[in-house]
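K.L.:
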Amino acid sequence: MRRQSSMLPLLLTCALLLACARPSTAVAQGAVAQDDVTHGAVVFPDSLLLDTPDFTDLRLELLTLDAARVAETAWDLAPRLVELDRPDLLADFLVFWDDRCGESEPLARTRVLAAIWDGAFDESVYDGNIAAHLEAWETREAATLTTGRNEFDAFMSAFADQLLPHQVTGSLAEYFCLEYSWRLDEAAALLAEDQLAETWLRWYRDHPEQARDQALGLDYVADEDDGGGDSGINPDGPTSLMVTVGSWRPLGDVALVGNKVLVGVLLEQRLPGWFLRVPVEVRAGRSQRPYVVAHDGIRDWSDRFDAVYLGLELGRPVVRTGPVTFDIFGGLGYDSVRPFLKRDFVLGTMNANLGVGVRWQQPGRSVVFGLDARREWLGPRNDTQDARDDASDSLSGGAFSLRLGAGFRFGRPTAPGDGTF
C-alpha cells in the first residue's frame with residue numbers, strides 16, 4: 008500500500024489523540040498495562056512496528072492468541088499502525104483479524120477507513136453486511152463497551168474527521184467519513200442525494216433484510232413494494248455471457264484422441280437460488296492415432312477429431328464470500344465429432360457431466376470471471392455391436408475438463424448481485 012505525504016497533518020493529529028488515550032509510555036514501549044493484563048491484549052513496541060519489513064514477525068506473535076485476545080489487541084494495534092504510518096501492516100493485520108475473529112463492525116469500519124486513507128476505496132470493500140454494521144455503529148452504547156474499545160472508537164472517529172477534508176464532495180468516501188466521525192445527520196442527507204442513488208450502499212441501507220440475505224449468499228426475495236408481486240420472488244435474475252478457454256483431458260476408449268484445447272461461449276441466466284447455463288464448446292485437432300469410423304454403413308479410418316458440444320447445465324450457488332461465489336452444477340448435452348473434412352457426417356453421443364465452479368464479480372461492476380472443473384461421461388459413437396466392426400473404436404469413456412471464462416453481466420439486477428451471486 009502506498010504512503011501519502013499529504014496526510015502528515017492527519018497522522019500528527021491522530022498521534023496526539025492516541026498519546027492522550029494511552030495510559031503510559033511504558034505501555035507504548037511494550038510493557039503491559041493492568042487493563043491489558045485483564046483482557047489479555049498484547050502491546051507491541053513502537054520499534055518493532057516501525058522497523059519490521061513485513062507482517063511476518065507480528066503474525067508469529069499473534070498466532071498464539073485466541074479470538075478474544077486478538078480483538079482486544081486490535082483496539083491498540085490498529086490505531087498505532089495508523090499513527091506510525093504503516094498502512095501495509097494494517098492491511099495484513101485486517102486480514103488476520105478477519106480470519107481469526109470473523110467479520111465485525113469495528114473490523115468493517117477500520118477496513119473502510121483504511122481504504123480511504125490509502126486512496127484505494129471502492130464498493131468492493133464491503134458487501135451486504137455493511138447495512139447491519141452501520142446500524143450497529145449508530146446504535147452503539149459506550150457504557151456497555153470496554154475501555155479499550157471506547158478508546159479505539161474515539162481514535163477512529165478522529166481519524167475519519169481528519170480524512171474528511173481530503174474527500175471528493177458528494178462521494179461515498181465523504182459519506183463514510185461523515186458517518187464514522189459521528190456526523191450522522193449529514194451522512195444521511197448525503198446518502199439521500201441523487202448522485203448516490205445508484206450505489207450499492209444506498210440499496211443496502213434501504214433494504215437491510217435483503218442486504219443480509221445477499222451477504223449470506225441466499226436468494227433475493229422481493230416484497231410487494233419492490234414489485235415482486237404475490238409470489239414474493241423476482242424471476243428475472245442477471246444474464247451473463249462469457250468467452251471460455253480451457254483444457255479437455257479424455258479417459259477410457261476416447262483417450263486415443265489425446266488432450267485437447269477447448270474454446271467456447273457460455274450463456275448463463277441466474278434464477279432465484281439456481282442458474283441455467285448453455286455452453287457451446289469446440290475441441291478441434293487431430294487424434295493421437297487413427298481410429299475406425301463405423302456408423303450408418305460407413306467404415307473408414309480418420310485421425311480428425313473436430314468435436315462440438317452443445318449442452319444445458321443446471322446448478323446453484325452454495326457459498327459466497329465477498330465478490331466470490333462457489334457453485335455446483337450438472338449438465339447434459341449433445342457431443343458431436345466430424346471425422347471427415349469433406350463429408351457431411353458426424354458421430355454423435357450424449358455427454359453427461361458434473362462440476363464445481365467459482366465466479367468473481369466486483370461489486371458495482373459488470374465484468375465477471377469464472378472457472379469451472381467438470382467430470383464428463385461420454386457414450387459410444389461407433390456401431391461396435393456389428394460383427395464386422397471388431398476393430399472399430401467406440402470413442403466412449405469420459406474426460407476431465409477445466410474452463411476459464413471472462414465476460415459481462417447485462418442489465419441492472421433488482422438487488423445488487425440479485426442475491427444469487
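Residue 8 is where the sequence shown starts when you use this note's numbering, and the numbers rise one by one after that. Here a beta-carbon is modelled for each residue, glycine too, at the ideal position from N, C-alpha and C.
#1: Closer than 8 Å by C-beta to V77: which residues in its own chain qualify, once you throw out the five before and the five after it? Chain order, please.
#2: Would you grab the beta carbon distance between G405 and L258 for me? Rounded to a whole angstrom, and I think it's under 8 Å.
#3: Using the Cα positions of R306 and F407, report the straight-line distance between them to the nearest angstrom.
#4: Let me confirm a value: K349 is counted as buried when at least 16 other C-beta atoms fall within 10 Å, else exposed. Which label applies?
#5: Is R388 buried or exposed, if buried means 16 or more other CB atoms sit within 10 Å of its CB?
#6: Less than 8 Å between the beta carbons of G377 and G412, yes or no?
#7: Could you check whether the segment 163-170 touches the segment 184-191, counting it as contact only if at least three pairs of C-beta atoms, one from each stretch, sit closer than 8 Å?
#8: Evaluate W308 with the Cβ neighbour count: other Cβ atoms within 10 Å of its Cβ, from every protein chain shown; 16 or more gives buried, anything less gives exposed.
#9: Quick one: grab the DSSP three-state call for R345.
#10: Taking Cβ positions, are W281 and R323 nearer each other than 8 Å?
#11: Going by the CB atoms, is the gap between L409 and F254 shorter than 8 Å?
#12: Could you check if I335 is buried or exposed, using at least 16 other CB atoms within 10 Å of its CB as the buried criterion?
#13: What would DSSP say about G259, mapped onto helix, strand or coil?
#14: Buried or exposed for S54, going by 16 or more other Cβ atoms inside 10 Å?
#15: Could you tell me the alpha carbon to alpha carbon distance between A262 and R256, rounded to whole angstroms?
#16: Could you work out which residue in P215, A139, D83, A161 is closest to A149 when comparing CA atoms only?
#17: What does E193 pair with, by DSSP beta-bridge criteria?
#18: At which residues does the beta strand (DSSP E) containing Y316 begin and terminate?
#19: Which residue or residues does DSSP assign as beta-bridge partners of T71?
#20: Would you please verify whether the beta carbon of Y298 is less than 8 Å from any beta carbon of chain D?
P.N.:
Checking against the coordinates, here is how it stands:
#1: L69, F103, W104, R107, C108
#2: 5 Å
#3: 29 Å
#4: exposed
#5: buried
#6: yes
#7: yes
#8: exposed
#9: strand
#10: yes
#11: Reading the sequence as shown, one finds Ser at residue 254 and not Phe. Yes, these two residues count as a Cβ contact at 8 Å.
#12: exposed
#13: helix
#14: exposed
#15: 8 Å
#16: A161
#17: According to DSSP, E193 bridges with nothing at all.
#18: 313-328
#19: Answer by DSSP bridge pairing: none, since T71 is not bridged.
#20: The displayed structure is made up of one protein chain only, and chain D is not part of it.
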